[in-house]
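Asks: Mind having a look at this structure? Questions to follow.
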Amino acid sequence: MTIQWFPGHMAKARREVTEKLKLVDVIFELVDARIPYSSSNPMLEEIIHQKRRVIILNKADTADEKVTQEWIDHFAERGLPAVAVNAQEGKGMHKIERAAEALMAEKFERQRSRGMKPRAIRAMILGIPNVGKSTLINRLVKKNIAKTGNKPGVTKAQQWIKVGKTLELLDTPGILWPKFEDQRVGYKLALTGAIKDDLLHMEDIAGFGLRFLEENYPEKLHQWLQIESLPEETTEVLAMIAERRGIYDRYRDPDYSRAAELLVREMRQEKMGRVSFDFPSDLVVEDDENGREASDN
């Protein structure tokens with residue numbers, strides 16, 4: 017179910033995440049590999065402060081492999097480990113525990129030097145709705161379903177699940193709100209199914225997707241739609257699709273709305289192949305008081 021975010025909901029979500037942060041050593045920030053920037057929370061840095069973090073690029077099998085590697089390199093340059101996974105199929109799961117171990121290695125080495133035995137790493141998954149948090153938890157704990165029980169200072173609702181030899185995972189993810197201030201980000205969230213379809217006009221979503229693909233993946237777009245070039249107007253494309261697929265309204269006119277729905281659905285199903293909608297090269301540092309990164313696309 018998609019949450020309708022209002023200021024009160026945001027405040028509550030932030031409060032709940034802040035409480036959970038006190039319990040963990042490492043944050044697993046889950047984003048959609050096709051839109052790592054657009055599917056992140058706008059206030060994440062402020063909320064988690066200096067907490068150790070691993071960025072998990074989920075649904076990596078749907079994204080442009082080359083661009084995903086560029087994102088991993090981009091995060092590494094900023095001191096953030098990132099791993100690409102496919103939680104649905106269980107691919108890359110081993111990378112997550114390894115990344116957490118690497119982050120905690122120095123602290124655990126200090127403990128060993130003092131004769132202390134390091135405990136298991138405690139982690140939680142954090143992300144906006146519909147990026148696969150529950151799927152990832154289920155995949156990680158599939159073979160380690162036994163919960164480790166309550167820990168001191170943890171409410172009864174908070175349960176820890178053993179994952180591998182060195183990791184314990186909080187069984188409930190932290191949920192944060194997506195970005196709202198940039199309409200282009202909204203289109204990207206819609207194209208990947210991260211927000212409800214009725215929040216934006218379907219014809220506008222389809223139009224944005226077509227223009228984006230024409231600019232960044234023209235060969236894939238032309239092969240998918242069997243065209244030599246993209247028409248100027250989105251309505252021309254929709255009319256063409258409606259005619260080809262027999263999508264008409266009751267007056268036998270092209271049904272633009274249903275044609276747009278079809279196009280967006282096929283984009284989500286990767287009918288044009290693996291593509292990414294966010295690129296590290298598009299990020300610019302805004303010269304504002306927050307110094308926040310923003311996307312040009």
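Here the working numbering runs 16 ahead of the position in the sequence shown, where the first position is 1. All C-beta atoms in this analysis are idealised placements derived from N, C-alpha and C, irrespective of residue type, glycine included.
With distances taken between CB atoms, is the gap from Met218 to Ala275 smaller than 7 Å?
Replies: As a working note, residue 218 is residue 202 in the sequence shown. As a working note, residue 275 is residue 259 in the sequence shown. Contact: no.
Asks: In terms of residue numbering, what span does the alpha helix (DSSP H) encompassing Asp220 cover?
Replies: For this step, residue 220 is matched to residue 204 along the sequence shown. First-last of the alpha helix (DSSP H) with Asp220: 218–232.
Asks: Can you tell me whether Gly148 is buried or exposed? The criterion is at least 16 other CB atoms within 10 Å of its CB, across all chains shown.
Replies: What you label residue 148 is simply residue 132 of the sequence shown in a count that begins at 1. With 16 or more other Cβ atoms within 10 Å, it is buried.
Asks: Going by C-alpha to C-alpha distance, which of Lys181, Ala92, Asp187, Pro270 sits closest to Thr151?
Replies: Mapped onto the sequence shown, residue 151 falls at position 135. Of Lys181, Ala92, Asp187, Pro270, the residue nearest in Cα terms is Asp187.
Asks: Mind checking which residues open and close the alpha helix (DSSP H) that includes Glu32?
Replies: Here residue 32 refers to the residue found at position 16 when the sequence shown is read from its first residue. Residues 23–37.
Asks: How many Å lie between Met140 and Trp176 at the Cα?
Replies: Here residue 140 refers to the residue found at position 124 of the sequence shown. Here residue 176 refers to the residue found at position 160 of the sequence shown. Roughly 10 Å separates the two Cα atoms.
Asks: When you compare the CB positions of Ala258 and Pro270, do they come within less than 7 Å of one another, or not?
Replies: By one-based count along the sequence shown, residue 258 stands at place 242. By one-based count along the sequence shown, residue 270 stands at place 254. In contact: Ala258 and Pro270 (Cβ atoms closer than 7 Å).
Asks: In the region 67–151, which residue ranges form an unbroken beta strand (DSSP E) of at least 3 residues, counting only runs that do not cross its ends?
Replies: If we require 3 residues or more, the beta strand (DSSP E) runs fully inside the region 67–151 come out as 68–74, 98–100, 137–143.
Asks: Would you report the Cα separation of Lys287 and Thr78, rounded to the nearest angstrom?
Replies: Stepping through the sequence shown from its first residue, residue 287 is reached at position 271. Stepping through the sequence shown from its first residue, residue 78 is reached at position 62. Rounded to the nearest angstrom, the two C-alpha atoms are 10 Å apart.
Asks: Only counting the same chain, and skipping five residues up and downstream in sequence, which positions put a Cβ closer than 7 Å to that of Met26?
Replies: Within the sequence shown, numbered from 1, the residue matching residue 26 stands at position 10. Hits under 7 Å: Trp193.
Asks: Going by beta carbon distance, what residues of the same chain come within less than 8 Å of Ala92, once the five residues before and after it are set aside?
Replies: Numbered from its first residue, the sequence shown carries residue 92 at position 76. For Ala92, where only same-chain residues beyond five positions count, the Cβ hits under 8 Å are Ala98.
Asks: To which residues of the same chain is Asn102 closer than 6 Å at the C-beta, ignoring the five residues directly before and after it?
Replies: Here the question's residue 102 lines up with position 86 in the sequence shown. For Asn102, where only same-chain residues beyond five positions count, the Cβ hits under 6 Å are Ala76, Asp77.
Asks: Would you decide whether Phe293 is buried or exposed? Buried here means 16 or more other CB atoms lie within 10 Å of its CB.
Replies: Within the sequence shown, residue 293 is the residue found at index 277, counting from 1. Buried: at least 16 other Cβ atoms inside 10 Å.
Asks: From the DSSP secondary-structure annotation, give me the bridge partner or partners of Gly289.
Replies: Counting from 1 along the sequence shown, the entry for residue 289 is found at position 273. Paired residue(s): none; Gly289 is not in a bridge.
Asks: Do Ile191 and Ala206 count as a contact pair if the criterion is CB distance below 7 Å?
Replies: In the sequence shown, the residue the question calls residue 206 occupies position 190. In the sequence shown, the residue the question calls residue 191 occupies position 175. The answer is no: Cβ separation not under 7 Å.
Asks: Does DSSP classify Tyr211 as helix, strand or coil?
Replies: Translated into positions along the sequence shown, residue 211 becomes position 195. The sequence given here places Ile at residue 211; Tyr does not occur at that position. DSSP places Ile211 in coil when its eight states are reduced to three.
Asks: Excluding sequence positions up to five away, which residues of its chain have a Cβ less than 7 Å from the Cβ of Arg155?
Replies: On the sequence shown, position 139 is the one that residue 155 refers to. Cβ within range, chain order: Ala103, Gly106, Met109.
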